[in-house]
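What follows is a single structure, written as C-alpha cells, with notes after it.
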Amino acid sequence: MLLSFRMLLMSVHFLMAGVLGVLLGLCRPFNPDNSRLCARLYALPSKWIMGYKLKTEVGPLMDKPQSCVVIANHQSNYDLFIFGNVVPRRTVCIGKKSLKWVPLFGQLFWLAGNVLIDRGNAQKARKSMLTTTRTLQEKDTSIWVFPEGTRNLGKTLLPFKKGAFQMAITAGVPIVPVCVSTYSQHLKLNRWHSADIQIRSLPAIPTAGMTLDDMPRLMEMCREQMRDCIEAMDREVMAQQGRHAPFQSDSKRKGTASHPNL
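Residues in the sequence shown are numbered consecutively from 1, following UniProt numbering.
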C-alpha cells in the first residue's frame with residue numbers, strides 16, 4: 001500500500017517538476033544554472049516522498065573550480081532524485097539523445113542547457129564532445145558525466161568510458177569525483193524509512209600538463225578512488241544499520257599511483 005502511494009506521488013511530482021522546469025527553461029533558455037535549479041525541483045520533494053535519509057559530504061564539489069568535469073557512479077533512474085540534492089551551480093549534464101523524447105523531462109533537459117549525444121552516430125557524438133570541451137574552456141561551466149555510460153544496478157563499478165577524461169585533459173580542467181553509496185539494492189519504498197544513503201565528493205584531480213597518453217592511468221586512478229569511497233560509505237551505512245557490507249568482487253588493489261599529476 002505504501003509503495004503504491006509513493007509511486008503515485010512520485011508520478012505526480014515528476015509531472016509537476018517537469019512543468020515548472022520547462023517554464024523556467026522558457027524564461028531563460030539554455031542558462032547553465034537551470035540544471036541546478038531543476039535538479040532541486042526533482043530532488044527536494046522526492047526525498048520526503050521516498051522516505052530516505054541522506055548524508056552528504058560534498059565540500060570539494062561545492063568549492064569546485066569554475067570549470068571542471070564532475071564524474072559520478074550511476075546506479076538507477078532514482079539517481080536524478082538523489083544526486084539532484086548536490087548538483088552545484090553552472091553545471092550541465094551529458095545525456096543520451098533519446099532523453100529528448102521523454103515528455104516534459106526531455107524538453108526541460110534541453111532547455112536547461114544540458115548536452116544530448118547521439119551515441120549511434122560517431123561523427124555527431126564527436127562534434128558534441130568538441131562543443132562541450134569548448135564550453136569547459138570558455139564559459140566557466142562544468143560538465144556532469146556518468147563515466148560508466150549506463151546503470152550498474154548497484155553492483156560494482158563498471159569500466160569507465162573515455163569521453164569524460166578526454167574532455168578534461170583536452171580542456172585542461174580538473175576532475176571532481178562524486179560517489180553515492182550503494183542504495184538501489186537496499187531501497188525499500190514499502191517502508192516508512194526506505195534507506196540510508198550517503199553522497200561524498202573527493203578532492204579535485206588536476207589534469208593540467210597531462211596528455212591523452214596519460215588517460216588510461218587517470219581513468220584507473222579515478223575508478224579506484226571512487227570504488228574505495230563507495231566501499232567505505234557502504235561499510236558506514238551497514239554498520240549504522242547493524243548489517244555486514246557485501247564482498248566486492250573487484251576490490252583487489254593494483255597499486256595505481258595516487259599523485260594528482262600521475
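Glycine included, every Cβ here is placed at the ideal spot set by N, Cα and C.
Here the structure is a predicted model, which means the values were calculated and not measured.
- Distance between N121 and K127, taken at the CA atoms: about 10 Å.
- Comparing C-alpha distances from E231 to each of T182, E57, A171, D214 shows the shortest one belongs to T182.
- Per DSSP, the beta bridge partners of Q198 are K55.
- In this structure, the alpha-carbon of M215 lies about 31 Å from that of N34.
- A contact between stretches requires three or more CB pairs, one per stretch, nearer than 8 Å, and the region 33-47 meets this requirement with the region 79-87.
- In the three-state scheme derived from DSSP, where H, G and I count as helix and E and B as strand, S142 is classed as strand.
- With 16 or more neighbouring CB atoms inside 10 Å of its own CB, H74 falls in the buried class.
- Excluding residues up to 5 positions away in sequence, L24 lie with their Cβ nearer than 7 Å to the Cβ of L37 in the same chain.
- In the three-state scheme derived from DSSP, where H, G and I count as helix and E and B as strand, C93 is classed as strand.
- A Cβ-Cβ distance of about 14 Å is found for the pair L158 and S184, leaving them out of contact under the 8 Å criterion.
- The Cβ-Cβ distance between G163 and M210 does not fall below 8 Å.
- The beta-bridge partner set that DSSP reports for P177 consists of I71.
- The C-alpha of A239 is placed about 46 Å away from the C-alpha of R28.
- Cβ-Cβ separation between L189 and L3: approximately 5 Å, consistent with a contact (criterion under 8 Å).
- A contact is defined here as three or more CB-CB pairs under 8 Å, and the region 50-62 fails this definition with respect to the region 164-173.
- Under a 10 Å Cβ-count criterion, T131 is classified as exposed, with fewer than 16 other Cβ atoms of the shown protein chains found around its own Cβ.
- In this structure, DSSP gives L116 an extended state, which the three-state scheme calls strand.
- For I205, the beta-bridge partners assigned by DSSP are I175.
- Here L26 is not near L99, since their CB atoms are 8 Å or more apart.
- By the criterion of a C-beta distance shorter than 6 Å, F160 is surrounded in its chain by P147, M219, R223, once the five residues flanking it on both sides are discounted.
- If the five residues before and after D118 are omitted, its C-beta is found closer than 7 Å to the C-beta atoms of K97, K124, A125, all from its own chain and listed in chain order.
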